[in-house]
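J.:
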Amino acid sequence: MEHMPKEQDSNQSEGEEKRWPDGPKRKRKNSQCSMKSMSGKKLADASLAGYIPSYLEKDEPCVVCGDKATGYHYRCITCEGCKGFFRRTIQKNLHPAYSCKYDGCCIIDKITRNQCQLCRFKKCIAVGMAMDLVLDEAKRVAKRRLIEENRERRKKEEMVKTLQNRPEPTSSEWELIRMVTEAHRHTNAQGSHWKQKRKFLPEDIGQSPVAPTSDGDKVDLEAFSEFTKIITPAITRVVDFAKKLPMFSELPCEDQIILLKGCCMEIMSLRAAVRYDPESETLTLSGEMAVKREQLKNGGLGVVSDAIFDLGKSLAQFNLDDTEVALLQAVLLMSSDRSGITCVDKIEKCQEMYLLAFEHYINYRKHNIPHFWPKLLMKVTDLRMIGACHASRFLHMKVECPNELFPPLFLEVFEDQEV
Numbered sequence: 495m496e497h498m499p500k501e502q503d504s505n506q507s508e509g510e511e512k513r514w515p516d517g518p519k520r521k522r523k524n525s526q527c528s529m530k531s532m533s534g535k536k537l538a539d540a541s542l543a544g545y546i547p548s549y550l551e552k553d554e555p556c557v558v559c560g561d562k563a564t565g566y567h568y569r570c571i572t573c574e575g576c577k578g579f580f581r582r583t584i585q586k587n588l589h590p591a592y593s594c595k596y597d598g599c600c601i602i603d604k605i606t607r608n609q610c611q612l613c614r615f616k617k618c619i620a621v622g623m624a625m626d627l628v629l630d631e632a633k634r635v636a637k638r639r640l641i642e643e644n645r646e647r648r649k650k651e652e653m654v655k656t657l658q659n660r661p662e663p664t665s666s667e668w669e670l671i672r673m674v675t676e677a678h679r680h681t682n683a684q685g686s687h688w689k690q691k692r693k694f695l696p697e698d699i700g701q702s703p704v705a706p707t708s709d710g711d712k713v714d715l716e717a718f719s720e721f722t723k724i725i726t727p728a729i730t731r732v733v734d735f736a737k738k739l740p741m742f743s744e745l746p747c748e749d750q751i752i753l754l755k756g757c758c759m760e761i762m763s764l765r766a767a768v769r770y771d772p773e774s775e776t777l778t779l780s781g782e783m784a785v786k787r788e789q790l791k792n793g794g795l796g797v798v799s800d801a802i803f804d805l806g807k808s809l810a811q812f813n814l815d816d817t818e819v820a821l822l823q824a825v826l827l828m829s830s831d832r833s834g835i836t837c838v839d840k841i842e843k844c845q846e847m848y849l850l851a852f853e854h855y856i857n858y859r860k861h862n863i864p865h866f867w868p869k870l871l872m873k874v875t876d877l878r879m880i881g882a883c884h885a886s887r888f889l890h891m892k893v894e895c896p897n898e899l900f901p902p903l904f905l906e907v908f909e910d911q912e913v
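Note that this note's numbering gives residue 844 to position 350 of the sequence shown, counting from 1, and the numbers run on in steps of one.
So, in structure tokens, the structure goes:
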């Protein structure tokens, strides 16, 4: 019997007939068509060519057709083409229908492998490809599921390992953390008992704004008057907190004033936001006055009210303790980018010390929220935005509200701020 010959020399002219023994005449396709039809295959081959398993020799051939092998497939070293052919044949049970025009004696190589499916399959079996290793659809789904589960398990193990290897506070950082936490606890009204001691602002106050402001919002003067009663002690507590911090008292008086003016609204907003109560949908201001969103909005803060309430909802998932709130406040206070600061480097170094101790404390706490630390740092940005919005809002309040309603300390802190 004659064997199937290899493809004729590539120099054969376009359109020239080539003959297979006892077989039909075949004409080459136009070369341009061939180039187009092969372009997708070449791209696929190029993507596979980038990875070669370490156990393969360089340019090791496929044992079925001699093409470049890509790895062990069904117990044999084969190319991607023969792997896919063998898998499809078994999965779809195609081999009983395969036939050969040349009595099963075809030579199978890279050129002729697609001419005779029966001889190609017989060679797959002859070189040792295992039919029992080809999975049906159900087994393939189960295998993919198992691979995914193993991947997730390894990811969790790596995460646990990473958390275990993260540095925790040093002895000097623990001392810094202790001092900052104590400063917060001694200046935070009502402490952890704020829910029991808070008083709700009567619902009829702040629900019907009367004085329009130039930015389109309105100010309820009765609500504004209620808020100004608690603003002076709230500002005083922020000042006392700063004075208790290590390194703050070492700064020049001018820098201390600039830092306090810059962070005061941010720290007061943070202290209110961590006292957001989802049940009553209120914030507790200065540890004593529980207010609803519209009341705070109509009482003078306008859109700033929305930002603080939204921050409160967001912070609820973090479940921050006193130390984390205290360290956030310290980071806000020591912001070297405030306009007019003279000791920029010194303040920057102070903030870096607080940030490093903060990060190490977060590692110690081992929160379950993924990416807890970067997410928490984003809240610093949110608080800075609240401070900037309040500076703009304050200008409108000054225009629309009677001057006698503003406490002196309130004016001293928030007047002349950059917008």
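C-beta: ideal position from N, C-alpha, C; glycine also.
Every value quoted in this text rests on a predicted model; they were computed, and no experiment measured them.
For T726, which residues from the same chain have a beta carbon less than 6 angstroms from its beta carbon, with the 5 sequence-adjacent residues on both sides left out?
T.: Stepping through the sequence shown from its first residue, residue 726 is reached at position 232. Closer than 6 angstroms at the Cβ level, and outside the excluded window around T726, lie P901 and L903.
J.: Work out the CA separation of T564 and E574 for me, nearest whole Å.
T.: As a working note, residue 574 is residue 80 in the sequence shown. As a working note, residue 564 is residue 70 in the sequence shown. Going from the Cα of E574 to the Cα of T564 covers about 6 angstroms.
J.: Whole angstroms is fine: what's the gap from I863's alpha carbon to L826's?
T.: For the purposes of this step, residue 863 is taken as the residue at position 369 of the sequence shown. For the purposes of this step, residue 826 is taken as the residue at position 332 of the sequence shown. If I take the Cα positions, the gap works out to 23 angstroms.
J.: Who are E785's beta bridge partners in DSSP?
T.: The count along the sequence shown starts at 1 and reaches residue 785 at position 291. Note on residue identity: the sequence assigns Val, not Glu, to residue 785. L777.
J.: Assuming the contact rule is C-beta atoms closer than 8 angstroms, G598 and L612 should be a hit. Round their C-beta distance to whole Å, please.
T.: Translated into the one-based positions of the sequence shown, residue 598 becomes position 104. Translated into the one-based positions of the sequence shown, residue 612 becomes position 118. Right, the Cβ-Cβ distance comes to about 6 angstroms (below 8 angstroms), so this counts as a contact.
J.: Is the separation between the beta-carbon of I724 and that of S665 shorter than 7 angstroms?
T.: Taking the sequence shown and counting its residues from 1, one reaches residue 724 at position 230. Taking the sequence shown and counting its residues from 1, one reaches residue 665 at position 171. The answer is no: Cβ separation not under 7 angstroms.
J.: With three or more C-beta pairs closer than 8 angstroms as the rule, is the segment 794-814 touching the segment 839-858?
T.: No: the two stretches stay apart, fewer than three of their Cβ pairs being nearer than 8 angstroms.
J.: State the Cα-Cα distance for the pair I605 and R647, rounded to the nearest angstrom.
T.: Position 111 of the sequence shown, counted from the start, is the residue given in the question as residue 605. Position 153 of the sequence shown, counted from the start, is the residue given in the question as residue 647. Spanning the two alpha carbons is a distance of roughly 45 angstroms.
J.: Let me check understanding here. Comparing Cα to Cα, which of S808, D603, D561 and C883 lies closest to F866?
T.: Walking along the sequence shown from the start, residue 866 turns up at place 372. When each option's Cα is compared against that of F866, the closest is S808.
J.: Please confirm whether V907 and K755 have their CB atoms less than 7 angstroms apart.
T.: By 1-based counting over the sequence shown, the position of residue 907 is 413. By 1-based counting over the sequence shown, the position of residue 755 is 261. It is a contact, given that the beta carbons lie within the stated cut-off.
J.: Can you list, in chain order, the residues of its chain whose CB lies under 6 angstroms from that of M891, leaving out five sequence neighbours each side?
T.: Position 397 of the sequence shown, counted from the start, is the residue given in the question as residue 891. Within the same chain, M891 has close Cβ partners G794.
J.: So, helix, strand or coil for K519, using DSSP?
T.: Position 25 of the sequence shown, counting from 1, holds the residue named residue 519. The predicted position of K519 is uncertain, since its pLDDT is 38 and thus under 50; a value taken from the coordinates is nonetheless stated next. It is coil, neither helix nor strand.
J.: Within 10 angstroms of the Cβ of H678, are there 16 or more other Cβ atoms? Answer buried if so, exposed if not.
T.: The residue labelled residue 678 in the question sits at position 184 within the sequence shown. Buried, by the Cβ-count rule.
J.: Taking all protein chains shown into account, do 16 or more other C-beta atoms lie within 10 angstroms of the C-beta of H680, making it buried, or fewer, making it exposed?
T.: Within the sequence shown, numbered from 1, the residue matching residue 680 stands at position 186. Exposed, because fewer than 16 other Cβ atoms sit within 10 Å of the Cβ of H680.
J.: Could you give the C-beta distance for A785 and C883, rounded to a whole number, given that I count them as a contact under 8 angstroms?
T.: Stepping through the sequence shown from its first residue, residue 785 is reached at position 291. Stepping through the sequence shown from its first residue, residue 883 is reached at position 389. Here the sequence assigns Val to residue 785, which means Ala is not the residue at that position. Incorrect: roughly 18 angstroms between the Cβ atoms, too far for contact.
J.: Could you tell me which whole alpha helix (DSSP H) segments of length 4 or greater appear in the segment 808-842?
T.: 816-827, all fully within the segment 808-842.
J.: Hey, which unbroken runs of the alpha helix (DSSP H) at 4 residues or more fall wholly within the segment 616-700?
T.: Runs found: 631-659, 665-681 and 688-691.
J.: Quick one: what's got a C-beta closer than 6 angstroms to V472's C-beta in the same chain, skipping five residues either side?
T.: Lying before the first or after the last residue shown, residue 472 is absent from the chain, which here runs from 495 to 913.
J.: Within the same chain, show all residues whose beta-carbon is closer than 7 angstroms to that of S593, passing over the 5 residues directly before and after it, in chain order.
T.: By 1-based counting over the sequence shown, the position of residue 593 is 99. Here the set comprises L612.
J.: Could you check if D925 is buried or exposed, using at least 16 other CB atoms within 10 Å of its CB as the buried criterion?
T.: Since the first residue shown for the chain is 495 and the last is 913, residue 925 is missing from the structure and cannot be characterised.
J.: Going by beta carbon distance, what residues of the same chain come within less than 8 angstroms of L899, once the five residues before and after it are set aside?
T.: Counting from one through the sequence shown, the residue named residue 899 turns up at place 405. Excluding residues within five positions, the ones whose Cβ falls inside 8 angstroms are L715, F718, S719 and T722.
J.: How many Å lie between L764 and L877 at the Cα?
T.: Looking up residue 764 in the sequence shown gives position 270. Looking up residue 877 in the sequence shown gives position 383. Those two C-alpha atoms are separated by around 7 angstroms.
J.: What does I571 pair with, by DSSP beta-bridge criteria?
T.: In the sequence shown, counting from the first residue as 1, residue 571 sits at position 77. Paired residues: Y566.
J.: Between P896 and E775, what straight-line distance do the alpha-carbon atoms span, to the nearest angstrom?
T.: For the purposes of this step, residue 896 is taken as the residue at position 402 of the sequence shown. For the purposes of this step, residue 775 is taken as the residue at position 281 of the sequence shown. Their Cα atoms are separated by approximately 30 angstroms.
J.: Expressed to the nearest angstrom, what Euclidean distance is found between the alpha-carbon atoms of M879 and E842?
T.: For the purposes of this step, residue 879 is identified with residue 385 of the sequence shown, where counting begins at 1. For the purposes of this step, residue 842 is identified with residue 348 of the sequence shown, where counting begins at 1. Their Cα atoms are separated by approximately 20 angstroms.
J.: Which residues does DSSP pair with P590 in a beta bridge?
T.: Position 96 of the sequence shown, counted from the start, is the residue given in the question as residue 590. P590 pairs with nothing; no bridge assigned.
J.: Comparing C-alpha positions only, which one of K586, L790, P547 and C758 sits nearest to A824?
T.: Position 330 of the sequence shown, counted from the start, is the residue given in the question as residue 824. Among K586, L790, P547 and C758, the Cα nearest to that of A824 belongs to C758.
J.: Helix, strand or coil for P772? Go by DSSP, reduced to three states.
T.: On the sequence shown, residue 772 is found 278 positions in, with the first residue counted as 1. Coil.
J.: Excluding sequence positions up to five away, which residues of its chain have a Cβ less than 7 angstroms from the Cβ of P740?
T.: The residue labelled residue 740 in the question sits at position 246 within the sequence shown. Only L670 and M673 meet the Cβ criterion.
J.: Identify whether T606 lies in helix, strand or coil by the three-state DSSP scheme.
T.: Counting from one through the sequence shown, the residue named residue 606 turns up at place 112. In the structure shown, T606 sits in coil (DSSP, three-state: anything other than H, G, I, E or B).
J.: If you draw a straight line from the C-alpha of M828 to the C-alpha of R660, how long is it?
T.: For the purposes of this step, residue 828 is taken as residue 334 along the sequence shown, with counting starting at 1. For the purposes of this step, residue 660 is taken as residue 166 along the sequence shown, with counting starting at 1. So the alpha carbons of these two residues sit roughly 25 angstroms apart.
J.: From C600 to C610, what distance separates their C-alpha atoms?
T.: Within the sequence shown, the letter at position 106 stands for residue 600. Within the sequence shown, the letter at position 116 stands for residue 610. When rounded, the distance between both Cα atoms is 7 angstroms.
J.: Note the first and the last residue of the continuous alpha helix (DSSP H) segment covering S743.
T.: Locating residue 743 in the sequence shown gives position 249, counting from the first residue. First-last for S743: undefined, no H or E at that position.
J.: Could you tell me which uninterrupted alpha helix (DSSP H) segments, each at least 4 residues in length, are contained entirely in the segment 847-909, listed from first to last along the chain?
T.: Counting whole runs of 4 or more residues, the segment 847-909 contains the alpha helix (DSSP H) stretches 866-894 and 902-908.
J.: By the three-class DSSP mapping on this structure, what secondary structure does K723 have?
T.: Counted from its first residue, the sequence shown places residue 723 at position 229. Note: K723 maps to helix in three-state DSSP.
J.: For P555, which residues does DSSP report across the bridge?
T.: Against the sequence shown, residue 555 aligns to sequence position 61. In DSSP, P555 forms a bridge with K562.
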